[in-house]
Amino acid sequence: NKHAAMEFDKFFLCGPEEMINTVSKVLAAQNVKDSKIKFELFSSSNVENLEASSHEGHTKITITVDDDETTFEMSQKQTILEAALKQGIDAPYSCQGGICSSCIARVKSGTAEMKKNSILTDNEIEEGLILTCQAHPTSTEIIVDFDDV
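Residue numbers (my numbering): 565 to 713.
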């Protein structure tokens, strides 16, 4: 293998989800860290909605976009992005399928659960990053900042 001695800072993958998953597993088996693997999916796989029973309450949410802060009450059945758009907030988004990361934001306080995540690493999630198109609030209050990413 003429590339065996080469070192790479990052690996950029683009293609169908199944291929991305396979190549990512091969790279992981070669001791490549998740943080060095970046990818773009052609499409999102179908995902079942989260159990409705786990998202039946309401949450007081504060959202910051472009230094503009808005607070309102939302149903936990909605994603954070859906609720923001319904309030007329100009939140960034594109695919709404959890694959492009355009809707990324940081949870400053409270908790949320993503129904799908094909982009964020475990470390990024630990740092509070979420895909708002996939995230449902799970706490009674949450603060989400689109500017702090």
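All residues carry an ideal CB built from backbone N, CA and C; glycine is no exception.
Asked, Found
"For residue 707 and residue 650, what's the separation of their Cα atoms in angstroms?", "17 Å"
"Please determine, among 578, 661 and 709, the residue with the shortest C-alpha to C-alpha distance to residue 601.", "578"
"Let me know the secondary structure DSSP gives residue 663 once reduced to three states.", "coil"
"Which first and last residues belong to the alpha helix (DSSP H) in which residue 635 is found?", "Counting along the chain, residue 635 falls outside any alpha helix (DSSP H), though it belongs to the beta strand (DSSP E) covering 632 to 639."
"Can you name, in chain order, every residue of its own chain whose Cβ lies under 6 Å from the Cβ of residue 588, other than the five neighbours on each side?", "601"
"What number of angstroms, rounded off, separates the C-alpha of residue 615 from the C-alpha of residue 678?", "For residue 615, the predicted structure reports a pLDDT of 46, less than 50, and the residue's modelled location is therefore unreliable. The matter cannot be settled from this model."
"Which residue marks the beginning of the alpha helix (DSSP H) containing residue 602, and which one marks its end?", "It is not in any alpha helix (DSSP H) - residue 602 instead sits in the beta strand (DSSP E) that spans 601 to 605."
"So, using beta-carbon positions, are residue 644 and residue 625 closer together than 8 Å?", "yes"
"Out of 598, 659, 676 and 700, which has the shortest C-alpha to C-alpha gap to residue 531?", "Since the displayed the chain opens at 565 and closes at 713, residue 531 lies outside it and no answer follows."
"Which residues does DSSP pair with residue 706 in a beta bridge?", "625"
"Counting along the chain, where does the alpha helix (DSSP H) carrying residue 676 start and finish?", "No alpha helix (DSSP H) holds residue 676; the beta strand (DSSP E) holding it covers 676 to 678."
"Alpha carbon to alpha carbon, how far is residue 582 from residue 682?", "11 Å"
"Between residue 684 and residue 667, is the Cβ-Cβ spacing less than 8 Å?", "no"
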